[in-house]
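Residue numbering for the sequence shown follows UniProt numbering, starting at 1 and increasing by one per position.
Reading through the structure tokens given below for one structure.
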Amino acid sequence: MPHFYNMTLSKTSAVTCAVYGNFSAPKAQEIVVARGSTLELLRPDEQNRLQTVISVNCFGLIRSLETFRLVGANRDYLLVGSDSGRIVILEYNTTKNIFDKVHQETYGKT
């Protein structure tokens, strides 16, 4: 019985969604972009070039991104919608340099 393996040779370069917010600190201006199934946190450096802080591969294709802030909070949360039928709320953890999953909800597969 044959087994098939699918592997992408090059990373997706087209940005499908982008949002800005304060994910790591109250005054930090950062951008989160979705490139297919990859989620990237970008931050401008001293020369005003965007530097990648973290790049994470997700299981499904990212369809939508939004930011929101809870009342009284000083950092933004990231709301991610994917084609796998899930909405996930993520928080950037500065000490571990990862996106922590705060909540996940299934709404239906597209």
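Where is the CB? At the ideal position from N, CA and C, for every residue including glycine.
- Inter-segment contact for the stretch 29-45 and the stretch 60-71 is present: three or more beta-carbon pairs are separated by less than 8 Å.
- In the displayed model, Ser37 falls within coil according to three-state DSSP, outside both helix and strand.
- When DSSP reads this structure, Asn57 sits in a beta bridge with Thr38.
- Rounded to whole angstroms, the separation of the alpha carbons of Asp100 and Cys58 is 13 Å.
- Taking 8 Å as the cut-off, the Cβ atoms of Gly85 and Thr67 do not count as close.
- Under the criterion of beta carbons closer than 8 Å, Phe23 and Asp76 qualify as touching, at roughly 6 Å.
- When beta bridges are read from the DSSP output, Lys27 appears opposite no residue.
- In summary, Ser82 is buried, with 16 or more beta-carbon neighbours lying within 10 Å of its beta-carbon over all protein chains present.
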